[in-house]
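Protein chains in written order, with the numbering used here: chain A, 194 to 516; chain B, 1229 to 1404.
We put the beta carbon where it would ideally sit given N, CA and C, even for glycine.
Given the structure is predicted, the values throughout are model-derived calculations rather than measurements.
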Amino acid sequence: MRHLLSTRDLDRETAIRILDVAEDMAQTADREVRKLPPLRGKTVVNLFFEDSTRTRLSFESAAKRLSADVITFSAKGSSVSKGESLKDTAQTLAAMGADAIVVRHHDSGAAHQLAHAGWIDAAIINAGDGTHEHPTQALLDAYTIRARRFGAGARGRDLAGMRVAIVGDILHSRVARSNVWLLTTLGAEVHLVAPRTLLPHGVEHWGATVHEHLDDALAAAPDAVMMLRIQSERMRDAYFPSAREYARVWGLTAERLALLGPDTMVMHPGPMNRGLEISSAAADSERSTVLAQVTNGVSIRMAVLYLLVAGSSGTAEPTGVEG
Amino acid sequence: MVARTVLHDADITRALRRIAHEVLESRRGEGRLVFLGIPTRGATLADRIQRIVDEIEPGVSSAGSLDITLYRDDLAKTPTRTPAPTRIPAEGVDDAIVVLVDDVLYSGRTIRAALDALVDHGRPRVVRLAVLVDRGHRELPIRADFVGKNLPSATSERVSVRLVEVDGADEVTIEP
């Protein structure tokens, strides 16, 4: 693994390896010294063309815990045309000696272009590109589901037989896309729930079961219900009649919360629109993994940074004489 | 040429028993013992030694494992390794007598990394080192306090430790 651009090209073995390394990273949270040395002397650049406080802080914190030097480059508002701007920025960062670039961009495919255009020889981590993918979010969601279900016995396992419902704006959601590919690779059964207007074209080929009403998906007794944020900044057209209508048909209300099975977890990538896609009763309940997702996000990003940046290139596990 | 067995199962058991006695003796009747093995086989050996110590003097010791992957000095020069779990006993390492346990002592670089990893978990009163086999060729000023067997070897030779829990059999072999 040289870059992390998408969960679509992650095989089962690599995905489980990332989750397992994240378990090790999570352990350091309760130590006396929370810092680890493997990225000492390495430079990680956070390149954010789009606002995202949570993801940026999470990556920053992950890189710092691994002892990397962190540079944050907020390129928002640049008026240079996209292709050139990205190229110029990449070449600047290359000149600064960046070992890894965490990129968030409003255009789908930006991370891929950065990785393959030959502008820079650094590991590229996609922290969200347009409506395309957000692989570390999917990894932290899978980690959260696995940890909740299996606890200390989570290591080495996949999500075979688990049922996950993803609810909301599937059309614009990179979180949903990344999750569909990853959860499916890990053996889970994915159900998508959205108003017809918020389902992307060709969703029937994603290998997931599609429902138009939340109640139909809940009837399938999911192990996890993942509520997506209604992204008002992307709602340029009328996708649903009103917020109240949306909350009534697709929101996780207190009434629906009461119908969930005893072990069903409620997930949300944050930030939440309370009262719209998720009720406070659901967000603050015992079932909610919202805060665990934030904590696990740092562990997952530590694992990804470690696996991409610490070693020399090549993915083979070394064998040979130990010291 | 084939591998030559230098320690059979009974030899390994005897060596670990002797190490357990020596550790208890050096404790001089006080102090909490924490055996921390370096994965994979060091961790197995730490568990075994601790069980013997617990039979002789119950309740003064605990065992765990200390992974050193993230502290290696060759991380940037080799393909990325997957870390192994670290298990620190609930009482922690502060003020304890920590005995690091590994299967083979060779360059000493693993132990250097283990010492770095250890201080991130707390401040032991003393740190000792126990190894099943010391094959020489140190590259750092590190020595073991408790040694199962000194095994003079050439750098070209390969020393392998196999343990029942990991490999299905107990033996130490050397091959050219």
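Query                                                                                                                       : Result
Residue-level contact to chain A via CB, G1350 of chain B, 7 Å cutoff                                                       : yes
Neighbour-count burial assignment, I338 of chain A, 16 or more Cβ in a 10 Å radius                                          : buried
Contact with chain B by S272 of chain A, beta-carbon distance below 7 Å                                                     : Confidence is the limiting factor: at S272 of chain A the pLDDT is only 45, short of 50, which leaves the residue's position unreliable, though a coordinate-based value still follows. No, because no Cβ of chain B sits closer than 7 Å to the Cβ of S272 of chain A.
Coarse secondary structure for F433 of chain A, derived from DSSP in three states                                           : coil
Any C-beta of chain A under 7 Å from that of T1308 of chain B                                                               : yes
Helix, strand or coil at T265 of chain A according to DSSP, with G and I counted as helix                                   : strand
Runs of beta strand (DSSP E) lying entirely within the stretch 444-474 of chain A, each at least 3 residues, in chain order : 458-460
Residue range of the unbroken beta strand (DSSP E) whose run includes F1374 of chain B                                      : F1374 to N1378
Pick from A:L250, A:A304 and A:A474 that is closest to L452 of chain A, judged by C-alpha positions                         : A:A474
Coil, strand or helix - P1307 of chain B by DSSP                                                                            : strand
Cutoff 7 Å: K1377 of chain B Cβ touching any chain A Cβ                                                                     : no
Min CB distance R258 of chain A to chain B below 7 Å                                                                        : no
Per-residue contacts from T1314 of chain B into chain A (C-beta, under 8 Å)                                                 : D217 and Q220
Contacting residues, own chain, Cβ-Cβ under 6 Å from R297 of chain A (five flanking each side not counted)                  : F241, E243, S245, A320 and G321
Helix, strand or coil at R495 of chain A [DSSP, three-state]                                                                : Per the sequence presented here, residue 495 of chain A reads as Met, with Arg not at that position. Reduced to three states, the DSSP call for M495 of chain A is helix.
Own chain, CB closer than 6 Å to T402 of chain A, minus 5 neighbours either side, in chain order                            : H384
Neighbouring residues, chain B, relative to V491 of chain A (Cβ below 8 Å)                                                  : Going along chain B, no residue has its Cβ under 8 Å from V491 of chain A, so there is no contact; the nearest lies around 16 Å.
Closer than 7 Å to chain A by CB, L1328 of chain B                                                                          : no
Chain-ordered neighbours of P1311 of chain B on chain A, where CB pairs are closer than 7 Å                                 : V214 and D217
Through-space distance from H196 of chain A to A215 of chain A, alpha-carbon basis                                          : 17 Å
Contacting residues, own chain, Cβ-Cβ under 6 Å from D1239 of chain B (five flanking each side not counted)                 : none
Under 7 Å between C-beta atoms of D1331 of chain B and L1368 of chain B                                                     : no
Bridge partners - D202 of chain A, DSSP secondary structure assignment                                                      : Answer by DSSP bridge pairing: none, since D202 of chain A is not bridged.
Cβ neighbour criterion (16 or more within 10 Å) applied to E1283 of chain B                                                 : exposed
Alpha carbon of D456 of chain A to alpha carbon of T1308 of chain B, nearest angstrom                                       : 36 Å
Beta-carbon spacing of R1363 of chain B, D1322 of chain B below 7 Å                                                         : no
Cutoff 7 Å: S505 of chain A Cβ touching any chain B Cβ                                                                      : yes
Simplified DSSP state of H404 of chain A, which is helix, strand or coil                                                    : strand
Pairwise C-alpha distance: A293 of chain A and T200 of chain A                                                              : 18 Å
Under 7 Å between C-beta atoms of D1373 of chain B and L1357 of chain B                                                     : yes
DSSP state of G1265 of chain B mapped onto helix, strand, coil                                                              : strand
Per DSSP, the bridge partner or partners of T1233 of chain B                                                                : B:T1401
Below-7 Å beta-carbon distance, P230 of chain A vs any chain B residue                                                      : yes
Beta-carbon neighbours of E225 of chain A, restricted to chain B and to distances below 7 Å                                 : D1348, H1349 and G1350
Separation of I1370 of chain B from T1241 of chain B, as counted between CA atoms                                           : 25 Å
Bridge-paired residues (DSSP) for H1365 of chain B                                                                          : The partner list for H1365 of chain B (beta bridge, DSSP) is empty, contrary to what the question assumes.
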